[in-house]
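Worksheet for the structure shown next.
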Amino acid sequence: WKSWSPGDKDTVSLEVFKQSLDSNFCPDIMETLAKRYLPISSLKQITVHSYLAMVIAACILNFHRALALFILTVLAIFFICWDFFIARYESRIAELLSPLGRFLKAQWVVWIILIVAVVCWLIFDTAKQGTNQLISFGGLLMYILLMLIFSKYPTKVSVVWRPVIWGVAMQFVLGLITLRTKIGFDAFNWLGNQVQIFLGYTDAGAKFVFGEKYTDHFFAFKVLPIIIFFSTVMSVLYHVGFMQWLIKKVGWIMQITLQTSPVESLVAAGNIFSESPLMVKPYLPYVTKSELHAIMTAGFATIAGSVLGAYISFGVSASHLLTASVMSAPAALAVAKLFWPETEKPQINAQEDTKMEKGEARNLLEAASQGASAAIPLVANIAVNLIAFLALLAFFNAVLSWLGNMFDYPQLSFEIICSYLFMPFSFMMGVDWEDSFIVGGLLGYKTFFNEFVAYEHLSISFYKEEVIGLLFALFQIRSETIATYALCGFANFGSVGMVLGALCKNHVYFFLEKNRQYWGRVALHQLRIITFIEL
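Note that the UniProt record's numbering gives residue 301 to position 301 of the sequence shown, counting from 1, and the numbers run on in steps of one.
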């Protein structure tokens, strides 16, 4: 009884209380505690059984209608059982599987043959659709070679080939599942549709606050409220602990396969859903330079969930955005380790050493309110940056047109310059040569301004296609898809300054504060890295 605390409500049994009645404590107090805490476990059991009965009844009435609920329930049961067995038999399972692990490591020739076979199958299968499809594979090899050339420690790259190979392989597998299999395509398409439906509930709040004609000011009253709603939902999910659980599971998979450190893996996994460097804030002073480089790279490589809805509202495919965010996470770690191999010994080696903060909210309502309030600076920052960048772009185009007019080329603009500059890169991504000029301009908008400006111009292209018709479409469908993936990230000069400033804020990270110029060069170096990741 002395080892019991109020936090152990669920483990307290009636026998414990009966035994404690014979102790030196007052029997009346023991009976009061028993009446107060014992019903909690029974209430949980009643809730679980009621939920399962509801699922069974829904499936009996109409299984097709209850399919989504059934799948979610099965997944929840699977992961609960997984956590149960891992928590109790992890060491035993590791001991049983260790011979298999040693055998697989020894059979490196088999792995190489398997990888070569898969690559050859992809090449021949893709070649059936046209030789242009193989250009993107050549572009992948070219970008890996460029990353190897610009690596900080080229001689140390040989020790980090595992994260590089596994990162690229995981990207290939995710791409195959989502784009080349009907089940994977339908699953991500269904998920994207559900996200769109879910984010559509923002309209209820926007209509109440801004009136029936709120869509007249589309971006301010339609797009930005989505960010507020998503931030609120994420705050609630963090409060109940769901996001921490999900991020740890995804991070564990990356840690096992890529053999990256727990901090790197958690940040890469967390960036799929939100801004995760703040999750591991207490551990940043103890990370190595390579780990910090990987953390910053993962932050640039994927978009935050808070702006996902904004891009979807532009008309961009939700399924493609979700797929791009997931695929970029392992690729970010692969590229980061290729550019900056680990030359130090990480201080944090076990995932158990990393704990993710739950937040300061005391209940769900407070968590929702904090999430909405936290979105205010983000919404304001997006709005003012778009005003400033678009105004600068208009001024810059006017100056270029004025200069071009002197040489009988008044149509000279920033987009034309970027189109010629990024045209080879967009072509090597697999974009058709006829479309590479336009896609190159979009890459320029994203790099020198931000992804909001780029997606806004991409949405204009979508609109023009609908007006002109498919016969005179500006883009091929393949080019649209590649452009959507290439623009999905925070790789721009503005993000470099914001991330570096956030890490140095309040003099928390002394090793960054004392070397701002050095880490500024590193951040600009990362801009090239993330450009390679997204291409």
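Glycine residues also receive a C-beta, built at the ideal position from the N, C-alpha and C atoms.
It should be emphasised that the depicted structure is a prediction, and the values quoted were computed from it without experimental measurement.
Can you have a look at residue 50 and say buried or exposed, based on whether 16 or more other CB atoms are within 10 angstroms of its CB?
A residue is called buried when at least 16 other Cβ atoms come within 10 angstroms of its Cβ; residue 50 does not meet this threshold and is exposed.
Between the CA atoms of residue 167 and residue 147 - distance to the nearest angstrom
Residue 147 and residue 167: Cα-Cα distance of roughly 14 Å.
Under 7 Å, do residue 423 and residue 437 count as touching if we go by C-beta distance?
Yes, Cβ-Cβ distance for residue 423 and residue 437 is below 7 Å.
Could you tell me the boundaries of the alpha helix (DSSP H) in which residue 323 lies?
318–339
If I'm right that residue 151 touches residue 338 with Cβ under 8 Å, what's the distance once you round it to whole angstroms?
6 Å
Rounded C-beta distance between residue 390 and residue 453? I'm assuming under 8 Å.
7 Å
Quick check on residue 82: buried or exposed, where buried means 16 or more other Cβ atoms within 10 Å of its Cβ?
exposed
Candidates 229, 197, 329 and 54: which alpha carbon is nearest residue 371's?
229
Residue 212: first and last residue of the uninterrupted alpha helix (DSSP H) it sits in
Element bounds for residue 212: n/a, residue is neither H nor E.
Quick check: residue 286 and residue 194, are their CB atoms within less than 7 Å of each other?
The beta carbons of residue 286 and residue 194 sit no closer together than 7 Å.
Using a Cβ distance threshold of 8 Å, determine whether the segment 486–496 contacts the segment 298–311, with at least three qualifying pairs required.
yes
I need the straight-line Cα distance from residue 374 to residue 44, nearest angstrom please.
33 Å
For the UniProt domain "Nucleoside transporter/FeoB GTPase Gate" (220–315), which segments carrying the alpha helix (DSSP H) assignment without a break, of at least 4 residues, lie completely within its bounds, in sequence order?
Those alpha helix (DSSP H) runs which fall completely within the UniProt domain "Nucleoside transporter/FeoB GTPase Gate" (220–315) and span 4+ residues are 224–240, 242–258, 262–270, 289–301 and 305–313.
Taking the alpha-carbon positions, what's the residue 87 to residue 80 distance?
Roughly 11 Å between the two C-alpha positions.
Presumed contact (8 Å Cβ cut-off) between residue 439 and residue 413, rounded CB distance
At roughly 16 Å, the Cβ-Cβ gap does not stay under 8 Å, so residue 439 and residue 413 are not in contact.
Answer yes if the segment 223–242 comes into contact with the segment 305–314, meaning at least three C-beta pairs across the two stretches below 8 Å, and no otherwise.
yes
Status (buried if at least 16 other CB within 10 Å, exposed otherwise) for residue 232:
buried
Are there 16 or more other CB atoms within 10 angstroms of the CB of residue 114, so buried, or fewer, so exposed?
exposed
So residue 189 and residue 328 are in contact, right, with Cβ under 8 Å, and what is the actual spacing, rounded?
In fact, because the Cβ distance is near 19 Å, the residues do not count as touching under 8 Å.
For residue 364, which residues of its own chain have a beta-carbon under 7 Å away from its beta-carbon, when the five flanking residues on both sides are left out?
236 and 239
Relative to the C-alpha of residue 341, which candidate in 315, 411 and 291 has its C-alpha closest?
291
Using a Cβ-Cβ cutoff of less than 7 Å, which residues in the same chain neighbour residue 345 once the five nearest sequence positions on both sides are dropped?
none
Note down the Cα distance separating residue 266 from residue 217, rounded to an integer number of angstroms.
38 Å
Roughly how many angstroms separate the alpha carbons of residue 91 and residue 153, rounded to a whole number?
36 Å
Which same chain residues end up closer than 8 Å to residue 138 when comparing Cβ atoms and leaving out the 5 residues on each side of it in sequence?
428
Compute the distance between the beta-carbons of residue 334 and residue 294, then report whether it is under 7 Å.
no
In this structure, does DSSP put residue 196 in helix, strand or coil?
helix
Cβ shell of residue 321 (< 8 Å), same chain only, five flanking positions each side left out:
Same-chain partners within the cutoff: 192, 303, 308, 311, 312, 484 and 488.
CA nearest to the CA of residue 404, picked from 181, 417 and 156
The option with the nearest alpha carbon to residue 404 is 417.
When you compare each of 89, 85, 169 and 156 to residue 119 by their alpha carbons, which one comes out closest?
Here the closest residue by C-alpha is 169.
Residue of 460, 411 and 116 minimising C-alpha distance to residue 398:
411
Our contact map puts residue 455 next to residue 316 with C-beta atoms below 8 Å; I'd like the distance itself, whole angstroms only.
6 Å
Pick out whichever of 420, 296 and 445 has its Cα sitting closest to the Cα of residue 434.
420
Please confirm whether residue 430 and residue 482 have their CB atoms less than 7 Å apart.
With respect to residue 482, residue 430 sits close: the two C-beta atoms are nearer than 7 Å.
In or out: residue 458 buried (at least 16 other Cβ within 10 Å) or exposed?
buried
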